Amino acid sequence: MKENKWGKALRVLMILIICAACLIPFYVLLVLSLNAPSRVFYEGNIFMPNFHWQNFIDAWNKSRIGTAMLNSAIITAGTLIVTIVTGGLAGYAIARHSTRYNKFVFGLLIGCMMIPGIINTVPLYILMRQINAIDTLWGMICVCSTLAMPSAVFIYATFIRALPREMDEAAALDGCSPFATFWRVIFPMIKPATASFVILNGFGIWNNYAQAVFFLQSRAKQNIPQALSVFFQQFAGAKWHLMAATAVIAIIPVVIVFLVFQKQFIKGLSDGALKG
Amino acid sequence: MRHKRISWAQFLSLPALMLYGMFFVYPLLRGIGMSVTDWDGMGEATFVGLQNFIDFFHDARAMHDIKTTLIFALGSAVLLNVVGLCYALLMNSDFRGKSIARVVIYLPAIISPLIMGYIWFFLLQPGRGFLHYAFAQLGMTDIIGSWMSSYPSALLVLVLVNVWQFSGMTMIIYLAGLQSIPSEISEAALIDGASNWQRFWRVSVPMLMPAIRINVVTNIIGSLSVFDVIMSLTEGGPGYATESLSIYIMRMCYGSRTGYSTAVAMILFFIILIPVLVSMRFTRQKS
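Protein chains in written order, with our numbering: chain A, 1 to 276; chain B, 1001 to 1287.
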């Protein structure tokens, strides 16, 4: 389809405006985070920062964001590992052994896929209290794993169904146990499945707040959103520059990971979404 | 003759089932039991029948929260899809810097909605936020007045921030859908004399059904269970005006009304289930 010169220019102009609208909030957050303590919000030139880098050091020291980042990293990595291993095995069993039992497992997971975590959070909180899992990273990993599990099983089952069964049989003839067949033969062949699972769920686990607010209350175990909300409530109405600096510190790792993997990310999102 | 033994390999799905059963299904079922008690989370629970559900529908705050949640979800789901589709139509052509534009527009969606709420909280501070100064320089003072003190404007701000943050996500999915439409079909319609408008409604939209379905369903679930962005932007205020049902559940739980809060969760479950089933039915693909 041909588009005339003016149409094209208009299109590019509108896209530029949209991009600006997406980026300006980040820029003005940066300006605020570099404010000297004496400056109130955006007095003076609204686009001109003070370059008061000390804010980042103060924010880091006062907000415990460092501990929170470590906790978030452990929770995210732990959840991804647990769901990839258990969800991968389940996807393998479901794809290869379509028994009544496995149909039940698959139906249960897909049926619950649409239930957001908040629905069972209160009884879950009681359960977590009984097994002493409140304020523990392993407890949070278990909770986050269940939220990501349907997606993992669905993705793995879909990918494994597309692989020829002869591979399993060849591996079995070579003396591989079913577990070894999955782990040594199938799993390495479906790296794109793992990639799209990590892409679709990783940021959500990292950013989790609705569960963290219940299960990670002690300061030593907070994840990033929880630490930030506690810090902000503490300084509400004052020290805006430190709050902004903490927010900048909190989003930097996510932005870096996104920019490094953006190509795989957008591809995985497009593929994964339309298959589901 | 049957030689085949039941392979134990089918039970490789057991670890996943146990984890899921313990931390998702079991609490879910237990919640149903708790929803018919007056349990405060500590002492003895007494069976109260449907009293919690009756209380819920007689609580003015809860009724207002339903209204807020539904308005937020309707506004978000409609705007996210319209804006996302417009972005995708704009981006569905070749130009230099296309992949950069795609990354930039998607960028807000990867940030925690809680942090996003705080960022907009800075931008929207009445009398001192960025937008106040920006509009003041254009000669428009008081446009960013005390939006947080009135219900309609606070709710509008919440919807707009949510749409601003996640329209990149709907865009990516619509873009993938648009790119999967074979160009021959579109060209054939053009040769048959279809106008742009007709081609959009008769060719693009039906072919986009899988993308519409995934976007509508995920947006309905996400916006009806909204939590993070409201907590950071308004904390449910002014008063309890912009409180969503998710926040209400949390506050009732912390207010030692454990049984009652699980009953509210059951109600929220149906509030989410019904529109999801309806929208899935309407977007079912005709083969």
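Where is the CB? At the ideal position from N, CA and C, for every residue including glycine.
The model shown is predicted, which means the values in this text are computed figures rather than measured ones.
query, result
"Taking the alpha-carbon positions, what's the phenylalanine 1135 of chain B to glycine 1127 of chain B distance?", "11 angstroms"
"Excluding five sequence neighbours on each side, which residues of the same chain lie with their C-beta closer than 6 angstroms to the C-beta of threonine 1283 of chain B?", "Met1209, Ile1212 and Arg1213"
"Answer yes or no: do alanine 245 of chain A and serine 98 of chain A have a C-beta to C-beta separation smaller than 7 angstroms?", "no"
"In the DSSP output, what is threonine 1037 of chain B paired with across the bridge?", "B:Phe1047"
"Would a check of beta-carbon distances place histidine 1090 of chain B closer than 7 angstroms to chain A?", "The question names histidine, yet the displayed sequence has leucine at residue 1090 of chain B. Cβ-Cβ to chain A under 7 angstroms: yes for leucine 1090 of chain B."
"With a threshold of 7 angstroms between beta carbons, is phenylalanine 1122 of chain B in contact with chain A?", "yes"
"Quick one: what does DSSP say serine 1204 of chain B is sitting in, helix, strand or coil?", "helix"
"Using a Cβ-Cβ distance cut-off of 7 angstroms, determine whether glutamine 262 of chain A contacts chain B.", "yes"
"Is the CB-CB distance between proline 1015 of chain B and threonine 181 of chain A below 7 angstroms?", "no"
"Within 10 angstroms of its Cβ, does phenylalanine 47 of chain A collect 16 or more other Cβ (buried), or is it exposed?", "exposed"
"Quick one: give me the first and last residue of the alpha helix (DSSP H) that cysteine 22 of chain A is part of.", "5-33"
"For glutamine 222 of chain A and asparagine 71 of chain A, which I take to be in contact (beta-carbon distance under 8 angstroms), what is that distance rounded to the nearest angstrom?", "6 angstroms"
"Can you list, in chain order, the residues of its chain with a C-beta nearer than 6 angstroms to that of alanine 1241 of chain B? Leave out the 5 residues immediately preceding and following it.", "Tyr1151"
"If you run the structure through DSSP and keep just helix, strand and coil, what is lysine 103 of chain A?", "helix"
"Among the candidates A:Gln217, A:Ile205, A:Ile110 and A:Arg100, whose CA atom is the shortest distance from the CA of isoleucine 134 of chain A?", "A:Gln217"
"Is the segment 1022-1041 of chain B in contact with the segment 112-121 of chain A, if contact means three or more CB pairs nearer than 8 angstroms?", "yes"
"Determine, using beta carbons only, whether leucine 1160 of chain B comes closer than 7 angstroms to chain A.", "no"
"For my contact list, cysteine 22 of chain A and leucine 1107 of chain B are in at a C-beta cut-off of 8 angstroms; report their separation, rounded to the angstrom.", "6 angstroms"
"With a threshold of 7 angstroms on Cβ separation, who are the neighbours of serine 1013 of chain B within its own chain once the five nearest residues in sequence on each side are excluded?", "none"
"Compare the Cα-Cα distances from methionine 14 of chain A to each of B:Leu1017, B:Pro1113, B:Ala1101 and B:Leu1070 and report the closest residue.", "B:Ala1101"
"In the DSSP assignment, the alpha helix (DSSP H) including histidine 1064 of chain B goes from what residue to what residue?", "1060-1091"
"Going straight from the alpha carbon of leucine 299 of chain A to that of leucine 163 of chain A, what length do you get?", "The structure shown does not extend to residue 299 of chain A, since chain A is modelled only from 1 to 276, so the question has no answer here."
"Mind checking phenylalanine 51 of chain A: buried by the 16 CB within 10 Å criterion, or exposed?", "exposed"
"Scan the segment 1098-1112 of chain B for residues whose Cβ lies nearer than 9 angstroms to a Cβ of chain A and list them as they occur along the chain.", "Lys1098, Ser1099, Ile1100, Ala1101, Arg1102, Val1103, Val1104, Ile1105, Tyr1106, Leu1107, Pro1108, Ala1109, Ile1110, Ile1111 and Ser1112"
"Identify whether cysteine 176 of chain A lies in helix, strand or coil by the three-state DSSP scheme.", "coil"
"At 8 angstroms on the CB atoms, spell out the chain B contacts of serine 151 of chain A, in chain order.", "The premise fails here: serine 151 of chain A is roughly 11 angstroms from chain B at the closest Cβ pair, so nothing lies under 8 angstroms."
"How is aspartate 135 of chain A classed by DSSP in three states: helix, strand or coil?", "coil"
"Measuring only the C-alpha atoms, how far is leucine 1123 of chain B from histidine 1132 of chain B?", "8 angstroms"
"If you reduce the DSSP assignment to three classes, tell me which class asparagine 1052 of chain B lands in.", "helix"
"Can you list, in chain order, the residues of the segment 14-29 of chain A whose Cβ is nearer than 7 angstroms to any Cβ on chain B?", "Met14, Ile15, Ile18, Cys19, Cys22, Leu23, Pro25, Val28 and Leu29"
"Take serine 1007 of chain B as the anchor and find which of A:Ile24, A:Thr67, A:Leu29 and A:Ala93 has the nearest alpha-carbon.", "A:Ala93"
"In chain order, what residues of the same chain lie with their CB nearer than 7 angstroms to the CB of serine 1076 of chain B, ignoring the 5 residues before and after it?", "Val1159, Asn1162, Val1163, Asn1219 and Ser1223"
"If the cut-off is 7 angstroms on Cβ atoms, which residues from the segment 1202-1229 of chain B count as contacting chain A, listed in chain order?", "Pro1210, Ala1211, Ile1214, Ile1221, Ser1225, Phe1227 and Asp1228"
"Can you tell me which of A:Leu124, A:Ile251 and A:Thr76 puts its alpha carbon nearest to the alpha carbon of phenylalanine 26 of chain A?", "A:Ile251"
"Assuming glycine 91 of chain A and tyrosine 42 of chain A make a contact with CB atoms under 8 angstroms, what is their CB distance in whole Å?", "With a Cβ gap of about 51 angstroms, glycine 91 of chain A and tyrosine 42 of chain A do not count as contacting."
"Ignoring anything shorter than 4 residues, give me the alpha helix (DSSP H) runs that lie fully in the segment 194-224 of chain A, in order along the chain.", "212-215"
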